[in-house]
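**Student:**
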Amino acid sequence: MTSLCTLSLTVFFCCFYQIDTSCVYDDYTDILVNDVTKLKSIVESNRIYLDLSNRNLTDIKDISRMIKESGVGHTIIKLDISYNNIENLPSDIFQHLPQVRSLNISNNNLTSLHPDTFIHNYCLRTLDISYNNLENLPSGLLGSKDISLLGLTFFDVSHNKIKTMGYELFYEGLNSLRHVNISYNKLEYFEPWPYSTNQTISKPIDGYVFNFSHNNIRDFSNKMKYYVGHEQPFSVDLNFNNLSRLRMDSFKVLFKPSNDFTEYNLAHLNIDIRYNPWICDCEMYPFVRSFVDSFLRTHPLLAGINCASPPLLAGKSFTYLVDNPQVLVCNITYNCPDRCFCEDRPDDRLILIDCSHTNQLTMPLNLPRVSKCSPNSRVNLMMDLSHNKINNIIWTNYTQNIIYLNISNNVIDKIESKFLKHAHSNLSLDIGNNMFKSLPNAIQNIHYNNLYFDNNPLECNCDFLWFNDWIRLHAKHNNYTCTIKNDKHYIKDVTYNSLHCYTDLAILLCSILIPIFAIVVFAVLVYHKWIYETKVILSHILEIASKSHTNLDKSEKALYKYDVYISSNVESTDTRLWIRDNLLKKLDKYGLKVYYPPRNNPANDCRIDVMVENIATSRKILIILDESYLHGGWCIEEFDQAHQNMCEENKRKIIVFLCSNNINLDDIQQESLKTYIKHEQLIKRDDFLCWSKLRYEISNKCDEDKKVKVIHA
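In mature numbering (1 follows the signal peptide of the UniProt record, and there is no 0), the protein residues as written are -21 to -1, 1 to 692.
1) Buried or exposed: Thr277, going by 16 or more other Cβ atoms within 10 Å of its Cβ?
2) Please state the DSSP three-state secondary structure of Tyr574.
3) Just list the beta strand (DSSP E) runs in the segment 359 to 401, keeping only unbroken ones of 3 residues or longer that don't cross its boundaries, in chain order.
4) Is there contact between the segment 353 to 372 and the segment 327 to 342, where contact requires at least three CB pairs shorter than 8 Å?
5) Contact check, Tyr101 vs Lys124 under 8 Å by CB: the rounded distance?
6) Please return the same chain residues whose Cβ sits closer than 6 Å to the Cβ of Arg318, not counting the five positions on each side in sequence.
7) Got a sec, what are the start and stop residues for the beta strand (DSSP E) Ser214 sits in?
8) How is the beta strand (DSSP E) around Arg253 delimited, first residue to last?
9) Mark Gln178 as exposed unless 16 or more other C-beta atoms lie within 10 angstroms of its C-beta, in which case mark it buried.
10) On the criterion of 16 or more Cβ atoms from any shown chain inside 10 Å, does Asp135 qualify as buried, or is it exposed?
11) For Ile463, which residues of its own chain have a beta-carbon under 6 Å away from its beta-carbon, when the five flanking residues on both sides are left out?
12) By DSSP, does Thr54 sit in helix, in strand, or in coil?
13) If you measure from the beta carbon of Met263 to each beta carbon in chain B, is any gap under 8 Å?
14) As an exercise, report each continuous alpha helix (DSSP H) stretch of at least 4 residues that is fully enclosed by the segment 261 to 322, in chain order.
15) Should the segment 131 to 146 be called in touch with the segment 113 to 121, which here means at least 3 C-beta pairs below 8 Å?
16) Please work out which residues of its chain come closer than 6 Å, Cβ to Cβ, to Glu170, disregarding the five sequence neighbours upstream and downstream, and give them in chain order.
17) Span of the beta strand (DSSP E) holding Cys334?
18) At what residue ranges does the segment 582 to 615 contain a whole run of the beta strand (DSSP E), taking only runs of 3 or more?
19) Out of Asp41, Tyr383, Cys315 and Asn86, which one is the CA nearest neighbour of Asp59?
20) Looking at the secondary structure, which residues open and close the alpha helix (DSSP H) in which Tyr101 lies?
21) Mind checking Met414: buried by the 16 CB within 10 Å criterion, or exposed?
22) Where do the ends of the beta strand (DSSP E) carrying Arg44 lie?
23) Return the chain-ordered list of same chain residues with a C-beta closer than 7 Å to the C-beta of His247, the five sequence neighbours on each side being excluded.
24) Is there contact between the segment 292 to 312 and the segment 251 to 264, where contact requires at least three CB pairs shorter than 8 Å?
25) On the three-state DSSP scale, how would you describe Tyr206?
26) Might you give, ordered along the chain, the residues of its own chain that have their beta carbon closer than 6 Å to the beta carbon of Asn435, omitting 5 neighbours on each side?
27) Alpha carbon to alpha carbon, how far is Val79 from Ile55? Give it in angstroms, no decimals.
28) Look at the alpha carbon of Gly130 and the alpha carbon of Lys57, and state the distance between them as a whole number of angstroms.
29) From the DSSP output, in three-state form, read off Ser175 for me.
30) If you follow the beta strand (DSSP E) that Asn447 is in, where does it begin and where does it stop?
31) DSSP three-state label for Ser678, please.
32) Are the CB atoms of Ser547 and Thr554 nearer to each other than 8 Å?
33) Under DSSP, the beta strand (DSSP E) around Phe230 begins and ends at which residues?
34) Within the same chain, show all residues whose beta-carbon is closer than 6 Å to that of Gly119, passing over the 5 residues directly before and after it, in chain order.
35) Give a yes or no on contact between the segment 287 to 303 and the segment 386 to 405, applying the rule of three or more CB pairs nearer than 8 Å.
36) Can you tell me where the beta strand (DSSP E) with Asp472 in it begins and where it stops?
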């Protein structure tokens, strides 16, 4: 070990009463000793200042042993081992110095300290561990509530490499502290360490500072879960750190979550945050805005804050920001269109989108619509799309958010009606210097004072005269012009007469009415020439027949049992099969009640009686006429009975259906039937409208008519 220098003395007086852990003062002689080997010769009543600084010491275990052996450790009140090369201190190194008031361990190479290093030094007042290589200050280093250094007034660990500090490094009861220096270290977050002392004195004490300046602190944290309750007597120095974002949330973490946090809580902190690289942009806006109407706008906490960036605000004070909050803006890159400039302006509650002179071909489909300082609410948009190559104004999902749109100096000739329908009620629209020949009527959704459409090739025409009426009331638009055959005219002077709109209207009406008249005449001629077919077709298309039949069932239900009675030659196999496979299926499909003798005649009943009864109780009699009908047993009797019944009721009931093309109608000799065929019409099986005609006739009501009528295709 390096040899120690000779003894030197410095005498002064102080109060000290006993040598124990109570640290009581009485008058004593303070001897400066810089040779540890002389400790044994020191009179016990003397109190020793042991100066071993600047000795190139790397270890003090031997010194600790010699102090123990000398028996005068309890008389040492100051120990200075600064400016050495000590790298490690055992946890019990100072246990034989119970009365030491001051320890100076600065300017060594210490990298760590055990929590119990100073646990036996109850009387410690000053502890200087500055200028070392410490990276952590553990909890317990300054004692605890059970084993405390309650008399500690000065604590200096500046100029180390401290990155972390124990959450219980400071604790309630350290009321004697007056200066704590943790500056020039590498702390990145500020925990509420100073406030954990929870001192009962609230009146500020001059010089009482927790100095955290010249660290790397960039934000506030509260992982130790200690909350500031009331104002403390000390100040906290956070100058020359990396604090850049001034937000209420940063300070809010230091207070109980249940409390309503306002700018008034900041007064409890008493911190100095000047000389930090403050970024004065839109993220600072909520914090600044809370002080606009507050008397705390000149609070010392804020008075010395100056902006470091952006360049336009560098050097501007917090007071300037409070007076001019509109300068707090942010550039936005997310969702900002290519080659465009986007800026968040929270004081105006809008986002600026500048895409002018960027060769845009269409309106952007997506834009930033959320402000950084109010992410849960949408803001308005101010857009500049001028001097591009856009040819159409379209609706997008941000249309309703646009309050200003400059889209002048493009090649636009059309505005989507959906855009105007959903436009913001206060939209200001500049469409000057485009290619509009006319404007849509819906442009009136925009207030006339907010519309600018200079230098467009508007054409004067009758469809555009509504625009004349709209702008004539507003003086600012009185000088706008439109062209008629390349001649310019003031829009306000253009009228229906000057444009000959009445002549055009007459021509238009004629061009519409003449084709309509021609169509009507043609329809009438067709109707009169093919009146029956026209009724059938209309009935089929509009399903009139079906509806009429439904009504018939209700009105004649009491009179008739069946809708139709089928009279045919049942001995003709072809005809019988056709009726079974085609006719009956069709009539059943129409929902009609059909009486067909081969299907409905009772086996033991008298046929003539049955025939007479069922013809009388059927609305219509359907004659299936083929070449065998006149020779087929009961056919003529059925026809005669139907004809007689029809004459008695004076109602049109018989329908003749020509089922075969092999019959020569001129050869029919039966007079009554011949009369029907000669003077009336019938339905032919090969007629493409035969089923529609049949349905139409069966569905018609049995109107009174002296004249018997049959149907012809």
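Backbone N, C-alpha and C fix where the C-beta goes; we use that ideal spot for every residue, glycine too.
**Tutor:** Quick look at the numbers:
1) The residue given as residue 277 occupies position 298 in the sequence shown. By the 10 Å Cβ count, Thr277 comes out exposed.
2) Taking the sequence shown and counting its residues from 1, the one referred to as residue 574 is at position 595. Looking at Tyr574 - three-state DSSP - the assignment turns out to be strand.
3) Secondary structure within the segment 359 to 401: the beta strand (DSSP E) runs of 3 or more consecutive residues, fully enclosed, are 359 to 363 and 381 to 385 (chain order).
4) yes
5) Within the sequence shown, residue 101 is the residue found at index 122, counting from 1. Within the sequence shown, residue 124 is the residue found at index 145, counting from 1. Between Lys124 and Tyr101 the Cβ distance is about 14 Å, and since that is not below 8 Å, they are no contact.
6) Start at 1 with the first residue of the sequence shown, and residue 318 comes out as number 339. Closer than 6 Å at Cβ, skipping near neighbours: Thr337.
7) For the purposes of this step, residue 214 is identified with residue 235 of the sequence shown, where counting begins at 1. Ser214 -> beta strand (DSSP E) spans Ser214 to Asp216.
8) The residue labelled residue 253 in the question sits at position 274 within the sequence shown. Note, Arg253: premise wrong, no beta strand (DSSP E); not H, not E.
9) By 1-based counting over the sequence shown, the position of residue 178 is 199. Buried: at least 16 other Cβ atoms inside 10 Å.
10) Along the sequence shown, one-based indexing puts residue 135 at 156. By the neighbour-count rule (16 or more Cβ atoms within 10 Å), Asp135 is buried.
11) On the sequence shown, residue 463 is found 484 positions in, with the first residue counted as 1. Closer than 6 Å at the Cβ level, and outside the excluded window around Ile463, lie Cys439.
12) In the sequence shown, the residue the question calls residue 54 occupies position 75. In this structure, Thr54 counts as helix in the three-state DSSP scheme.
13) In summary, chain B is missing from the structure at hand, where a single protein chain is found.
14) Listed in chain order, they are 264 to 268, 279 to 282 and 297 to 302.
15) Yes, since at least three Cβ pairs between the segment 131 to 146 and the segment 113 to 121 fall closer than 8 Å, the two stretches touch.
16) The count along the sequence shown starts at 1 and reaches residue 170 at position 191. If we look at Glu170 and ignore the five residues flanking it on each side, its Cβ neighbours are Ser200 and Met203.
17) Counted from its first residue, the sequence shown places residue 334 at position 355. Where Cys334 is concerned, there is no enclosing beta strand (DSSP E), given that its DSSP letter is neither H nor E.
18) 597 to 604
19) Here the question's residue 59 lines up with position 80 in the sequence shown. When each option's Cα is compared against that of Asp59, the closest is Asn86.
20) The residue given as residue 101 occupies position 122 in the sequence shown. Boundaries for Tyr101: no alpha helix (DSSP H) harbours it, and the DSSP string shows neither H nor E there.
21) If you number the sequence shown from 1, residue 414 lands on position 435. With fewer than 16 other Cβ atoms within 10 Å, it is exposed.
22) Locating residue 44 in the sequence shown gives position 65, counting from the first residue. Per DSSP, Arg44 belongs to no beta strand (DSSP E); it is in the alpha helix (DSSP H), Lys40 to Ser49.
23) If you number the sequence shown from 1, residue 247 lands on position 268. Excluding positions up to five away in sequence, the list reads Val207, His209 and Glu210.
24) yes
25) Taking the sequence shown and counting its residues from 1, one reaches residue 206 at position 227. Correct three-state label for Tyr206: coil.
26) What you label residue 435 is simply residue 456 of the sequence shown in a count that begins at 1. These residues qualify, in order along the chain: Asn413 and Phe415.
27) If you number the sequence shown from 1, residue 55 lands on position 76. If you number the sequence shown from 1, residue 79 lands on position 100. Between Ile55 and Val79, the C-alpha separation is close to 6 Å.
28) Your numbering for residue 130 matches position 151 in the sequence shown. Your numbering for residue 57 matches position 78 in the sequence shown. Their Cα atoms are separated by approximately 15 Å.
29) Stepping through the sequence shown from its first residue, residue 175 is reached at position 196. DSSP places Ser175 in helix when its eight states are reduced to three.
30) On the sequence shown, position 468 is the one that residue 447 refers to. From DSSP, Asn447 is part of no beta strand (DSSP E) but of the alpha helix (DSSP H) over Leu444 to Ile450.
31) To locate residue 678, count along the sequence shown from 1; it is residue 699. Helix, per DSSP.
32) Locating residue 547 in the sequence shown gives position 568, where the first residue counts as 1. Locating residue 554 in the sequence shown gives position 575, where the first residue counts as 1. The criterion of a C-beta distance shorter than 8 Å is satisfied by Ser547 and Thr554.
33) Looking up residue 230 in the sequence shown gives position 251. Premise fails: Phe230 lies in the alpha helix (DSSP H), Met227 to Lys231, not in any beta strand (DSSP E).
34) What you label residue 119 is simply residue 140 of the sequence shown in a count that begins at 1. Closer than 6 Å at the Cβ level, and outside the excluded window around Gly119, lie Pro94.
35) no
36) Locating residue 472 in the sequence shown gives position 493, counting from the first residue. Careful: Asp472 lies outside any beta strand (DSSP E) and carries neither H nor E.
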